[in-house]
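Working notes for the structure below.
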DNA sequence: TAAAAGTCTTAAACTAGTTCATTTTTTTTC
DNA sequence: GAAAAAAAATGAACTAGTTTAAGACTTTTA
């Protein structure tokens, strides 16, 4: 069976952890929705109810919150082959505190809450897929939050650049500052210092 | 069927997400190991291979890493009804970067890696249990790391005290500082300031 | 393609948090 | 229950990162 590109990509992502039969693949794909967002458009805004969890086929999005003073804090940049959304809101059906905004024209596949529940009923193997996916995310989150706290902003920038060399060149310095957790001014100083080294 | 206290506690924790038959309960309990650690003793040290994942029946433990300068950073305090361990090392069979040290005499139940794998084979319902457990941990980790970065140390202390009022009174100020991510001296200043308010 | 809007740079004055050193208080140990 | 060890408090000098402001450079939009 030949699948369109977006479907081949998501099946490939899932095949990392579980094997599906042809029938299961088709069933799964039927539960997904195609979504496109233009650059600067929002996929989600604070106060919304997270209707989908998303898989990114193409593009780049930033996931962020605003603090009391309205300053953004970016928790992740989501690019090709990443999963994103607000799992807390998706699960609890409470409003999200997040904004998700496309920094490039992007294409995604979404699974709705109703279809997510249906998925576990129809193809219980997906419990295993998500168990492993969440386990791995948890490990990398723990590493990140553990690692981050004792490093200086300069060290965090150097690590980010090493870990995500492709992403650094796709985002603005301002957004990078909001991810690293410093002001754009200080980000500018760090970058020119690191480049001089 | 009547279970000993530690078994009743862990079954209760599991019953939050899945229902087990009597037979499954007995099978599950047979896969667990009783563990005791005295105050100041290590459950795990950096360089060890994480042999178990732990459920805490009684006591309090701190999970921490040391940075290059040997300064501790505490990532969690684990008390009654919590799960702890190093999942990354447990899964990948690589050495752990963590120390887990009892701050009180503690009793735990452990599941070994071999039995964890066996568990999913014998009682597939546990895929669901762990999927939900990891999903929830992920949500609270994301919230914590998101929340933490933009707050001052004083605000982080106030939040911690509000969220874990019982834990605050069981740990030293020094350990609290290592959790908040500041020096014990500055922690001391913050506490006396907050008490004066 | 010109104007407007947004991003980046630089610099001076400021603040949250660190470091180091000393004393007091509390806890542990024999 | 005395001695030793660890934790907590206090203060002065220091540093990483913020704030504010202004000008230069780039990207977007009409």
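Chains as they are written, first to last, in the numbering used here: chain A, 285 to 481; chain B, 285 to 481.
Don't be surprised by glycine CBs; every beta carbon is placed ideally from N, CA and C.
{"Asked": "May I ask you to list, following chain order, the residues of the segment 353–380 of chain B that have a beta carbon less than 8 angstroms from some beta carbon of chain A?", "Found": "355, 357, 359, 371, 372 and 375"}
{"Asked": "By the 10 Å Cβ neighbour count, where 16 or more other Cβ atoms means buried, how is residue 343 of chain B classified, buried or exposed?", "Found": "buried"}
{"Asked": "Compute the distance between the beta-carbons of residue 474 of chain B and residue 441 of chain B, then report whether it is under 7 angstroms.", "Found": "yes"}
{"Asked": "Compute the beta-carbon to beta-carbon distance between residue 331 of chain B and residue 408 of chain B, rounded to the nearest angstrom, for a pair I have assumed lies under 8 angstroms.", "Found": "Contact doesn't hold; Cβ gap of about 34 angstroms is too wide."}
{"Asked": "I want to verify the contact list: residues of chain B whose CB lies under 8 angstroms from the CB of residue 395 of chain A, in sequence order.", "Found": "None at all; the shortest Cβ gap to chain B is about 14 angstroms."}
{"Asked": "Please confirm whether residue 448 of chain A and residue 392 of chain A have their CB atoms less than 7 angstroms apart.", "Found": "no"}
{"Asked": "Nearest chain B C-beta to residue 411 of chain A closer than 7 angstroms, yes or no?", "Found": "yes"}
{"Asked": "Give the straight-line distance between the Cα atoms of residue 450 of chain B and residue 457 of chain A, rounded to the nearest whole angstrom.", "Found": "42 angstroms"}
{"Asked": "What does DSSP give as the partner residue(s) for residue 390 of chain B in the beta ladder?", "Found": "B:321"}
{"Asked": "Would you decide whether residue 314 of chain A is buried or exposed? Buried here means 16 or more other CB atoms lie within 10 Å of its CB.", "Found": "exposed"}
{"Asked": "Whole angstroms is fine: what's the gap from residue 292 of chain B's alpha carbon to residue 320 of chain B's?", "Found": "17 angstroms"}
{"Asked": "What does residue 396 of chain A pair with, by DSSP beta-bridge criteria?", "Found": "A:336"}
{"Asked": "Thinking C-alpha only, which one of B:478, B:439, B:399 and B:371 is nearest residue 333 of chain B?", "Found": "B:371"}
{"Asked": "Let's see if you can read the secondary structure: which residues bound the alpha helix (DSSP H) around residue 380 of chain A?", "Found": "That residue, residue 380 of chain A, is in no alpha helix (DSSP H); it is neither H nor E in DSSP."}
{"Asked": "Report back the beta-carbon spacing between residue 455 of chain B and residue 383 of chain B to the nearest angstrom; my notes put them in contact at under 8 angstroms.", "Found": "Residue 455 of chain B to residue 383 of chain B, Cβ: 15 angstroms. No contact."}
{"Asked": "Output yes if chain A places a C-beta closer than 7 angstroms to the C-beta of residue 329 of chain B; else output no.", "Found": "no"}
{"Asked": "For residue 373 of chain B, does the count of other Cβ atoms within 10 angstroms reach 16, so buried, or fall short, so exposed?", "Found": "buried"}
{"Asked": "Measure the alpha-carbon distance for residue 359 of chain B versus residue 348 of chain B and round it to whole angstroms.", "Found": "6 angstroms"}
{"Asked": "Output needed for residue 471 of chain B: all residues of its chain with C-beta closer than 7 angstroms, excluding positions within five of it in sequence on either side, in chain order.", "Found": "457, 460, 461 and 464"}
{"Asked": "Where does residue 330 of chain A sit, in a helix, a strand or coil, going by DSSP?", "Found": "coil"}
{"Asked": "Could you check whether residue 413 of chain A and residue 302 of chain A sit closer than 7 angstroms to each other, using their CB atoms as the reference points?", "Found": "yes"}
{"Asked": "Under 7 angstroms between beta-carbons, which chain A residues line up against residue 414 of chain B? List them in chain order, please.", "Found": "415"}
{"Asked": "Identify, in the order they occur along the chain, each residue of the same chain with its Cβ nearer than 6 angstroms to the Cβ of residue 367 of chain B, setting aside the five sequence neighbours on each side.", "Found": "339"}
{"Asked": "Could you tell me whether the Cβ of residue 422 of chain A comes closer than 7 angstroms to any Cβ of chain B?", "Found": "yes"}
{"Asked": "Note the first and the last residue of the continuous beta strand (DSSP E) segment covering residue 313 of chain A.", "Found": "From DSSP, residue 313 of chain A is part of no beta strand (DSSP E) but of the alpha helix (DSSP H) over 306–314."}
{"Asked": "What is the DSSP secondary structure of residue 462 of chain B, counted as helix, strand or coil?", "Found": "helix"}
{"Asked": "Residues of chain A with CB under 8 angstroms from residue 419 of chain B, in chain order?", "Found": "371, 375, 414 and 418"}
{"Asked": "Answer with yes or no whether the minimum CB distance from residue 425 of chain B to chain A is below 7 angstroms.", "Found": "yes"}
{"Asked": "Tell me, please, which residues DSSP counts as bridged to residue 356 of chain A.", "Found": "A:350"}
{"Asked": "Can you find the residues in the same chain that come closer than 8 angstroms, C-beta to C-beta, to residue 403 of chain A, ignoring five residues on each side of it along the sequence?", "Found": "312, 315, 395 and 410"}
{"Asked": "Roughly how many angstroms separate the alpha carbons of residue 386 of chain A and residue 318 of chain A, rounded to a whole number?", "Found": "15 angstroms"}
{"Asked": "For a test of your reading of the model: does the CB of residue 386 of chain A fall under 6 angstroms from any non-hydrogen atom of the ligand ATP? Yes or no.", "Found": "Inclusion of the ligand ATP in the displayed structure is not the case, the ligand content being empty and no account of it being possible."}
{"Asked": "Can you check whether the CB of residue 389 of chain A is closer than 7 angstroms to the CB of residue 324 of chain A?", "Found": "no"}
{"Asked": "Given a threshold of 16 other Cβ atoms within 10 Å of its Cβ, counted over all protein chains shown, does residue 286 of chain A qualify as buried or as exposed?", "Found": "exposed"}
{"Asked": "Can you give the Cα-Cα distance for residue 369 of chain B and residue 399 of chain A, rounded to whole angstroms?", "Found": "33 angstroms"}
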